[in-house]
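At position 25 of the sequence shown (counting the first as 1) the number is 25 in full-length UniProt numbering, and the numbers step up by one without a gap. Beta carbons are placed, not taken as given, at the ideal position from N, Cα and C, and that holds for glycine. Owing to the predicted nature of the structure, the values given are computational and were not obtained by experimental measurement.
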Amino acid sequence: MPSSSSRSVTASSSRRPSRGPCQRRKVTVCGDTHGQFYDLLNIFELNGLPSEANPYIFNGDFVDRGSFPVEVILTLFGFKLLYPDHFHLLRGNHETDNMNQIYGFEGEVKAKYTAQMFALFSEVFEWLPLAQCINGKVLIMHGGLFSEDGVTLDDIRKIERNRQPPDSGPMCDLLWSDPQPQNGCSVKRPVGQQAGGQLFIIRSHEVKPEGYEVAHDGRCVTVFSAPNYCDQMGNKGSYIHLRGSDLRPDFHQFTAVVILRGLGEVLGSPGIWGGLGGPRGHLGGPTLLGNTTGCALYANEPALYTNESDLHAN
Numbered sequence: 001m002p003s004s005s006s007r008s009v010t011a012s013s014s015r016r017p018s019r020g021p022c023q024r025r026k027v028t029v030c031g032d033t034h035g036q037f038y039d040l041l042n043i044f045e046l047n048g049l050p051s052e053a054n055p056y057i058f059n060g061d062f063v064d065r066g067s068f069p070v071e072v073i074l075t076l077f078g079f080k081l082l083y084p085d086h087f088h089l090l091r092g093n094h095e096t097d098n099m100n101q102i103y104g105f106e107g108e109v110k111a112k113y114t115a116q117m118f119a120l121f122s123e124v125f126e127w128l129p130l131a132q133c134i135n136g137k138v139l140i141m142h143g144g145l146f147s148e149d150g151v152t153l154d155d156i157r158k159i160e161r162n163r164q165p166p167d168s169g170p171m172c173d174l175l176w177s178d179p180q181p182q183n184g185c186s187v188k189r190p191v192g193q194q195a196g197g198q199l200f201i202i203r204s205h206e207v208k209p210e211g212y213e214v215a216h217d218g219r220c221v222t223v224f225s226a227p228n229y230c231d232q233m234g235n236k237g238s239y240i241h242l243r244g245s246d247l248r249p250d251f252h253q254f255t256a257v258v259i260l261r262g263l264g265e266v267l268g269s270p271g272i273w274g275g276l277g278g279p280r281g282h283l284g285g286p287t288l289l290g291n292t293t294g295c296a297l298y299a300n301e302p303a304l305y306t307n308e309s310d311l312h313a314n
């Protein structure tokens, strides 16, 4: 996408109001996508494009890790502009400056566009909602509940979200917290807490082998929408339909789009879509195979994770 168009889409996304889904026949909730563009397209192929009749909520972590975070986030911003009241984006812990610096999004944006463009992304990320409550029954956030008792929906509404998150407190918990099997709290990650809650919540933030997990007698649901995460984990992806007055979750699993890594480096060819991945350096861009499966041949930059356990810390 040309730089001028990208700036327009990104800037406009921060100005779109959002009333949230209320009396819909179905709402689709997706978890982490992490720059896996072809898997994002597969979600739309399986579940239909966003529209007034087919609303979506994407629950954070759109960028970093994967090979096409810019393409993912611009696609999501585009749908937000088309359907501001039917397409919703919540902030994840990777919609933050420090994570973007470490895990690749900042470098990619600066290579494809400019430092000013990354600053614009950063500003828009700061305005994304931290949580969404549907019909007073389902609370959706990227991370989880809180390391302190007594936090209410009104407290969440009062959080000054247009900033980089602190290392502790309710804003940090909404982006970073993890559930645990037992009741109570304990530290698992450098920031954030594990939280056992009493609410029906939908959260993301963790790879699950089946793409989702139901815990605490159905009160805590995890959804993860990046199948075969980082081309290594072999997990399924999933998305959730919320239907009816009780908004009972209906899980839909899918597998990763078949992608062959590294052939671009071997072949030394930029491929059909050379411009799409050019800023990744001499390895060239992705090459779409001559069929309708969505397979692609591309070479990625060196991985930024070091072991399997790090992949789970999204």
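Is residue i helix, strand or coil by DSSP?
i: residue 35; result: coil
i: residue 29; result: strand
i: residue 315; result: Beyond the ends of the chain as shown, which are 1 and 314, falls residue 315; an answer cannot be given.
i: residue 73; result: helix
i: residue 132; result: strand
i: residue 293; result: Only weak support exists for where residue 293 lies, its pLDDT of 30 falling under 50; the coordinates are left without a value.
i: residue 95; result: coil
i: residue 44; result: helix
I need the straight-line Cα distance from residue i to residue j, nearest angstrom please.
i: residue 214; j: residue 241; result: 14 Å
i: residue 258; j: residue 233; result: 14 Å
i: residue 61; j: residue 32; result: 5 Å
i: residue 235; j: residue 254; result: 10 Å
i: residue 276; j: residue 36; result: Residue confidence is low: residue 276 scores 37 on pLDDT, short of 50, so the model does not pin down where it sits. Its coordinate-derived value is still stated next. Straight-line Cα distance between these residues: approximately 14 Å.
i: residue 282; j: residue 34; result: Its pLDDT being 31, under 50, residue 282 is placed unreliably in this model, and the coordinates cannot settle the point.
i: residue 179; j: residue 220; result: 8 Å
i: residue 136; j: residue 27; result: 15 Å
i: residue 97; j: residue 164; result: 7 Å
i: residue 248; j: residue 127; result: 29 Å
i: residue 207; j: residue 45; result: 22 Å
i: residue 146; j: residue 114; result: 37 Å
Between residue i and residue j, which are expected to be in contact by the criterion C-beta below 8 Å, what is the C-beta distance as a whole number of angstroms?
i: residue 105; j: residue 64; result: 5 Å
i: residue 225; j: residue 43; result: 7 Å
i: residue 109; j: residue 125; result: Going by Cβ atoms, the distance from residue 109 to residue 125 rounds to 12 Å, so no, they are not a contact pair.
What do you reckon, are the CB atoms on residue i and residue j nearer than 8 Å?
i: residue 227; j: residue 256; result: yes
i: residue 55; j: residue 87; result: yes
i: residue 202; j: residue 70; result: no
i: residue 170; j: residue 149; result: no
i: residue 174; j: residue 142; result: yes
i: residue 47; j: residue 205; result: no
i: residue 177; j: residue 144; result: yes
i: residue 90; j: residue 59; result: yes
Counting along the chain, where does the beta strand (DSSP E) carrying residue i start and finish?
i: residue 253; result: 248-254
i: residue 49; result: It is not in any beta strand (DSSP E) - residue 49 carries neither H nor E in the DSSP assignment.
i: residue 220; result: 220-223
i: residue 213; result: 212-215
Could you tell me the boundaries of the alpha helix (DSSP H) in which residue i lies?
i: residue 123; result: 115-127
i: residue 109; result: 105-112
i: residue 157; result: 153-157
i: residue 170; result: 170-176
Less than 8 Å between CB atoms is the rule here; does residue i satisfy it with respect to chain D?
i: residue 25; result: Here there is only one protein chain, and chain D is not present.
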